[in-house]
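Residue numbers (the numbering used here), protein chains in the order written: chain A, 1 to 388; chain B, 389 to 520.
Glycine is no exception: its CB is placed at the ideal position from the N, C-alpha and C atoms.
Have a look at the structure below before the remarks.
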Ligand SMILES: [Zn+2]
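In structure tokens:
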């Protein structure tokens, strides 16, 4: 296997972007990444694009072909593949791109992720997101997607004494980070009281414990490490790219205070990278709900199981903390266009490792980790990146 | 959605019929065709098994923002239930004050209306849970 580098990244602004279509978003993220990498279109060998539910959000499947056309690459007839793994679609597209380059099959690969979630109205977006859960044995009986995370939250609170205030502090921190990110959907700071006073969605989770409905797209350009220098001096190496899967339903798992797929993927990723959790300088984790960040920072080995809430309360995960988590604002504040999220996380880590994260720059960041989850934990993708 | 999709799940949803692996004896619900412990050895050896319906609340939530099919039911409780046979399932808890629900509460399955396909469509039934 060859070593793989990220030679360029790009993403759109995240938010409710009425004036831009799915095509516009894909084009914008792709163009930014290609310009960042300094590659020509005819150098691209393949494309992988993450999209969770384009069929239901915009009535359009076959978005591999759509992305190729948007990129103006149809005369090259290169393979362009849409990848789906619920909210981990972007992370899995990254993993597929990584495998394609590492294997020697392709040299320059474009990885993208996109979702246009605000073209549907009313509660339809929430209903579409519920398809990440088990339709027959969870959703049929009235379980919602926030409901599944609420079950994990209650379990975690009961077992370890995690408090609603600690959950809220995840949202407060991520909104603060989002206020420093020009591309974030929410640039507004919030307080613990704001979270606890927001309407309850699925007890114990309030509205401000949940990530929003978002439009957006992100892209990254991959190349073999040995030819990456030809294009750029700002090379970020992929030290590990690991995907792990688990049961579709939450009730099918062995435990509920952890996502076993995340634990498995993390262990393997650290092994491949030859590092320990303490070597990670910052991480983007899948905070689709505040409890998800607390579980993630435990699963990734940054804190002992059950200590995630306390660590958040003590500020250890803040921008100036021991291990800054979700410097971009995370899914919570940056926004969560489901198919794009995994690639947007990569964008943030790359900016941080290149020292281009401006007001939210983590000092001396050398190694970063991205943790992208599909559904209630049925898929987890972990990437460890290093500045070269 | 066509009614066949609901009709074919009737045995499991009406009568809690899961599967028992004849190799290791483990019981599964919802029904599955391969035992994750015995895998290949379990092929063709997964037999129907009716659960007792008794279980314990492992975790629960109260839903305030429902899917459209459940909009007339809010707030309602959804629980993760450990059945006495060792498997877990997801279902509503009914017939009690929502404040009474707690982790460790003993429950038993009952047969209830779950949802309906609009005002004129089919009514779908299945299990919910009651305090013992
Ligand atoms: Zn077995």
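Q) For ligand 1, is there a heavy atom less than 7 Å away from the beta-carbon of residue 426 of chain B? A) Sequence index remark: in the second chain, residue 426 of chain B carries index 38 (1-based). Yes, the Cβ of residue 426 of chain B comes within 7 Å of a heavy atom of ligand 1.
Q: Going by CA-CA distance only, name the one from A:15, A:37, A:39, A:10 that's closest to residue 27 of chain A.
A: For the purposes of this step, residue 27 of chain A is taken as the residue at position 27 of the first chain. Nearest of A:15, A:37, A:39, A:10 to residue 27 of chain A, Cα basis: A:10.
Q. Is any beta-carbon of chain A found at less than 8 Å from that of residue 402 of chain B?
A. The residue you call residue 402 of chain B lines up with position 14 of the second chain. Closer than 8 Å: no.
Q | Supposed close pair residue 287 of chain A, residue 331 of chain A - CB separation, criterion 8 Å | A | The residue labelled residue 287 of chain A in the question sits at position 287 within the first chain. The residue labelled residue 331 of chain A in the question sits at position 331 within the first chain. Contact holds; Cβ gap of about 5 Å.
Q: For residue 336 of chain A, decide whether its Cβ has a neighbour in chain B, counting only Cβ atoms nearer than 8 Å.
A: To locate residue 336 of chain A, count along the first chain from 1; it is residue 336. For residue 336 of chain A, the answer is no, since every Cβ of chain B falls outside 8 Å of its Cβ.
Q. Taking only runs of the alpha helix (DSSP H) that begin and end inside the stretch 80-123 of chain A, which ones reach a length of at least 4 residues, in chain order?
A. 89-102
Q. Does the stretch 185-200 of chain A touch the stretch 366-375 of chain A, meaning 3 or more C-beta pairs lie closer than 8 Å?
A. no
Q: Residues of the stretch 425-447 of chain B with a CB closer than 9 Å to any CB of chain A: list them in chain order, please.
A: 446, 447
**Q.** With 16 other Cβ atoms within 10 Å as the buried cut-off, status of residue 89 of chain A
**A.** Counting from 1 along the first chain, the entry for residue 89 of chain A is found at position 89. Burial call: buried.
Q) Alpha carbon to alpha carbon, what distance is there between residue 353 of chain A and residue 296 of chain A? A) As a first step, residue 296 of chain A must be located in the first chain, where it is residue number 296. As a first step, residue 353 of chain A must be located in the first chain, where it is residue number 353. Taking the straight line joining both Cα atoms gives about 21 Å.
Q.
So residue 52 of chain A and residue 342 of chain A are supposed to be a Cβ contact under 8 Å. How far apart are they, rounded?
A. Sequence index remark: in the first chain, residue 52 of chain A carries index 52 (1-based). Sequence index remark: in the first chain, residue 342 of chain A carries index 342 (1-based). Residue 52 of chain A to residue 342 of chain A, Cβ: 10 Å. No contact.
Q: Measuring only between beta-carbons, confirm whether residue 399 of chain B sits less than 8 Å from chain A.
A: Translated into the one-based positions of the second chain, residue 399 of chain B becomes position 11. For residue 399 of chain B, the answer is no, since every Cβ of chain A falls outside 8 Å of its Cβ.
Q. CA-CA distance, residue 260 of chain A and residue 243 of chain A?
A. The sequence position of residue 260 of chain A within the first chain is 260, counting from 1. The sequence position of residue 243 of chain A within the first chain is 243, counting from 1. Residue 260 of chain A and residue 243 of chain A: Cα-Cα distance of roughly 12 Å.
Q: Give a single yes or no on whether residue 475 of chain B has its beta carbon closer than 7 Å to a heavy atom of ligand 1.
A: For this step, residue 475 of chain B is matched to residue 87 along the second chain. Not under cutoff, so the answer is no.
(Q) At the 8 Å Cβ level, is residue 164 of chain A part of the contact set with chain B, yes or no? (A) Here residue 164 of chain A is taken as the residue at index 164 of the first chain, counted from 1. Taking Cβ atoms only, chain B never reaches closer than 8 Å to residue 164 of chain A, which makes this a no.
Q) Which ranges would you report for the beta strand (DSSP E) in the stretch 303-388 of chain A if only whole runs of at least 3 residues count? A) 367-374, 379-387
Q: Report yes or no: do the stretch 12-30 of chain A and the stretch 227-239 of chain A share at least 3 C-beta pairs separated by less than 8 Å?
A: no
Q) In chain B, which residues lie less than 9 Å from residue 146 of chain A when you measure between Cβ atoms? A) As a first step, residue 146 of chain A is located in the first chain; it is residue number 146 there, counting from the start. What residue 146 of chain A touches in chain B: 449, 451, 453.
Q. Does ligand 1 have a heavy atom nearer than 7 Å to the CB of residue 430 of chain B?
A. Taking the first residue of the second chain as 1, we reach residue 430 of chain B at position 42. Result yes, Cβ under 7 Å from ligand 1.
Q: Flag this pair as touching only if the stretch 442-449 of chain B and the stretch 208-226 of chain A have three or more C-beta atom pairs under 8 Å; answer yes or no.
A: no
Q.
Can you pull the chain A neighbours of residue 511 of chain B, defined as C-beta to C-beta under 7 Å?
A. Reading the second chain from its first residue, position 123 is the one you call residue 511 of chain B. Ordered by position in chain A, no residue passes the 7 Å Cβ test against residue 511 of chain B, which lies about 13 Å from the chain.
Q.
Would you say the beta carbon of residue 254 of chain A is closer than 7 Å to some non-hydrogen atom of ligand 1?
A. As a position in the first chain, residue 254 of chain A is number 254, starting the count at 1. No.
**Q.** Closest residue to residue 23 of chain A among A:302, A:3, A:158, A:60 (Cα-Cα distance)
**A.** For the purposes of this step, residue 23 of chain A is taken as residue 23 along the first chain, with counting starting at 1. Here the closest residue by C-alpha is A:60.
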